[in-house]
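Going by our numbering, the first residue of the sequence shown is number 7, and it counts up by one from there.
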Amino acid sequence: MLNLMAKGANALSSRSWVSDHPGENREIPPEWNGEHLRDFLSRELDNNRCARHHRTRIRTEQNRFNTGVSPIAGWVACLPRLKSAESLHGAMKRAKALNSVILAAGDGTRLRSNRPKVLHEVCGHPMLHYVLRVAAEAAADRHVIVVGYEGEQICQTFAGRSDVIFAEQKERLGTGHAVQMTREAFEGYEGDILILAGDTPLLTAQTLQNLVQWHRHQEAAVTILTTEMPEPRGYGRILRYEDNRLQGIVEEKDANRYERAIREINTGSYCFDAKALFEALDQVTPQNVQNEYYLTDCVRILVEQGHRAEAVITDDHTEAIGVNTRVQLAEAEKILRQRILVRHMMAGITILDPETCYVDEEVEIGKDSVLFPGTMITGKSRIGADCRIGPNTQIVSAELGDGVVANSSYIEGVKLPSGATVGPFATLRNTTPSQKDSGN
Numbered sequence: 007m008l009n010l011m012a013k014g015a016n017a018l019s020s021r022s023w024v025s026d027h028p029g030e031n032r033e034i035p036p037e038w039n040g041e042h043l044r045d046f047l048s049r050e051l052d053n054n055r056c057a058r059h060h061r062t063r064i065r066t067e068q069n070r071f072n073t074g075v076s077p078i079a080g081w082v083a084c085l086p087r088l089k090s091a092e093s094l095h096g097a098m099k100r101a102k103a104l105n106s107v108i109l110a111a112g113d114g115t116r117l118r119s120n121r122p123k124v125l126h127e128v129c130g131h132p133m134l135h136y137v138l139r140v141a142a143e144a145a146a147d148r149h150v151i152v153v154g155y156e157g158e159q160i161c162q163t164f165a166g167r168s169d170v171i172f173a174e175q176k177e178r179l180g181t182g183h184a185v186q187m188t189r190e191a192f193e194g195y196e197g198d199i200l201i202l203a204g205d206t207p208l209l210t211a212q213t214l215q216n217l218v219q220w221h222r223h224q225e226a227a228v229t230i231l232t233t234e235m236p237e238p239r240g241y242g243r244i245l246r247y248e249d250n251r252l253q254g255i256v257e258e259k260d261a262n263r264y265e266r267a268i269r270e271i272n273t274g275s276y277c278f279d280a281k282a283l284f285e286a287l288d289q290v291t292p293q294n295v296q297n298e299y300y301l302t303d304c305v306r307i308l309v310e311q312g313h314r315a316e317a318v319i320t321d322d323h324t325e326a327i328g329v330n331t332r333v334q335l336a337e338a339e340k341i342l343r344q345r346i347l348v349r350h351m352m353a354g355i356t357i358l359d360p361e362t363c364y365v366d367e368e369v370e371i372g373k374d375s376v377l378f379p380g381t382m383i384t385g386k387s388r389i390g391a392d393c394r395i396g397p398n399t400q401i402v403s404a405e406l407g408d409g410v411v412a413n414s415s416y417i418e419g420v421k422l423p424s425g426a427t428v429g430p431f432a433t434l435r436n437t438t439p440s441q442k443d444s445g446n
């Protein structure tokens with residue numbers, strides 16, 4: 007709490023203040039009047055209140071579809087201001103190194119597939135693509151992907167990336183064991199490590215940036231990302247002391263009925279100090295229902311040893327959705343598709359019926375174009391400005407110039423000149439029409 011040192015009858019005429027923190031006493035500039043001082047004290051009191059929060063809540067703007075999707079922006083309540091006007095990303099880049107570990111060894115049994123789980127696509131890309139992207143946008147310089155079942159397919163898919171290396175988990179002995187397989191890759195490394203699940207394609211870069219920034223501001227050994235799930239079944243629960251400090255994480259299979267009633271869950275996203283992480287991993291034992299080495303036990307171990315452990319909670323629980331079934335895959339697809347459509351609408355595109363339109367993640371659309379109901383645009387399609395697409399039109403990896411009209415047609419791999427008209431009921435593949443009207 008901030009205490010005013012009154013030197014006269016009026017406290018606002020005081021020329022100095024003292025905080026609860028040693029060494030922070032400061033002189034009030036002589037040119038300040040009462041209004042300056044009131045504003046100053048108000049800010050200091052707000053900062054002190056913020057500092058007393060044991061968890062940070064990330065709030066996200068909800069879109070107009072009321073689906074829990076947060077495609078536009080995020081902010082952190084009570085997050086202390088950076089000491090200069092520098093960007094969050096720039097601040098992290100100048101801090102100690104940041105790498106990521108992405109757990110991608112799952113076999114996808116419940117997906118009933120021969121493909122590794124993380125290679126199943128959402129809006130035109132493998133799930134792992136999205137996790138890698140947000141890790142990079144959170145300023146991670148290098149990514150260690152832990153592979154297992156059909157790991158060769160994952161290695162081949164991402165082999166062209168110079169910032170990616172692979173570690174193999176030959177035996178499925180738990181998440182803690184999976185991270186242990188990366189130890190050699192981090193020999194001599196002294197930075198922070200983001201640990202992410204490869205089947206969480208809805209994570210956003212803003213959330214991870216806030217997670218890392220809070221972890222570093224608090225000088226924590228570990229910071230975990232949590233959220234409150236309406237239906238928390240299947241997720242590990244967050245345990246807290248009576249004063250709200252983080253105590254640990256209990257996996258659902260090991261939880262009692264009281265712990266299962268907790269709605270705050272572990273999203274599977276962490277930021278660890280590398281040294282603290284591997285020291286804690288050495289102490290993890292498989293003494294649990296599944297007889298596995300839990301990464302979550304590292305949190306409990308660090309807390310018990312007196313290390314600082316923090317939790318950042320995001321209000322957007324959709325970011326925590328992990329894909330284990332085809333139903334969850336469809337749910338993730340729907341949420342990400344709506345984020346994409348909102349992004350295009352905010353950029354000046356009219357989408358008359360978002361519920362019936364599908365646009366892949368890499369599609370580009372020019373301003374003032376209109377998508378009518380039943381439109382599907384996939385691949386690396388490029389749509390010019392002032393186009394009219396649909397209804398009931400599919401475009402696959404095609405390039406359309408400005409002012410193109412495509413009605414009830416299928417267009418694949420072609421380049422259409424500006425002003426072209428296609429359809430209704432036209433099919434174009436791998437050809438460049440020479441006539442302006444390519445319809446029937």
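Even glycine gets a Cβ: it sits at the ideal position worked out from N, Cα and C. Because the structure is a prediction, the values reported are computed rather than measured.
Under 7 Å between C-beta atoms of residue i and residue j
i	j	result
alanine 317	leucine 252	yes
asparagine 294	aspartate 321	no
arginine 388	glutamate 370	yes
aspartate 279	alanine 227	yes
proline 207	tyrosine 136	yes
glutamate 367	histidine 131	yes
isoleucine 319	threonine 232	yes
Alpha carbon of residue i to alpha carbon of residue j, nearest angstrom
i	j	result
glycine 182	leucine 406	49 Å
threonine 356	serine 375	6 Å
glutamine 215	methionine 187	25 Å
alanine 412	glutamine 344	23 Å
threonine 331	aspartate 205	11 Å
alanine 404	lysine 373	18 Å
histidine 95	aspartate 303	For histidine 95, the predicted structure reports a pLDDT of 48, less than 50, and the residue's modelled location is therefore unreliable. A value from the coordinates is still provided. Spanning the two alpha carbons is a distance of roughly 30 Å.
glycine 328	glycine 312	31 Å
isoleucine 201	alanine 103	14 Å
alanine 211	alanine 144	6 Å
tyrosine 155	glutamate 174	9 Å
glutamate 270	proline 292	24 Å
phenylalanine 1	isoleucine 346	Since the first residue shown for the chain is 7 and the last is 446, residue 1 is missing from the structure and cannot be characterised.
aspartate 288	threonine 324	33 Å
Residue burial classification, residue i (beta-carbon count within 10 angstroms, cutoff 16)
i	result
arginine 87	Caution applies to arginine 87, whose pLDDT of 29 falls short of 50 and renders its modelled position unreliable; the value that the coordinates give is listed next. Exposed.
threonine 427	buried
glutamate 450	With the chain represented from 7 up to 446, any question about residue 450 goes unanswered, as that position is not in the structure.
threonine 384	buried
arginine 306	buried
arginine 243	buried
asparagine 120	exposed
threonine 433	exposed
lysine 1	A query on residue 1 cannot be resolved here, the shown segment of the chain reaching from 7 to 446 and no further.
leucine 358	exposed
phenylalanine 431	exposed
glutamate 1	Only positions 7 to 446 of the chain appear in this structure, which leaves residue 1 out of reach.
glycine 166	exposed
glutamate 30	Reliability fails at glutamate 30, whose pLDDT of 43 lies under 50, so the model's placement of it is uncertain and the value that follows must be treated cautiously. Exposed: under 16 other Cβ atoms inside 10 Å.
One or two residues paired with residue i in a DSSP bridge
i	result
leucine 6	Past the edges of the chain, shown from 7 to 446, lies residue 6, and the structure says nothing about it.
threonine 433	Tyr416
glycine 328	According to DSSP, glycine 328 bridges with nothing at all.
glutamine 159	Answer by DSSP bridge pairing: none, since glutamine 159 is not bridged.
alanine 261	Answer is none; alanine 261 lacks a bridge partner.
methionine 352	In DSSP, methionine 352 forms no bridge with anything.
histidine 131	Val128
glycine 254	Leu245
TODO: For the stretch 371 to 385 and the stretch 394 to 402, state whether three or more C-beta atom pairs, one from each stretch, are separated by less than 8 Å.
DONE: yes
- [ ] Evaluate contact between the stretch 103 to 110 and the stretch 146 to 153, counting only Cβ atoms and requiring at least three cross-stretch pairs below 8 Å.
- [x] yes
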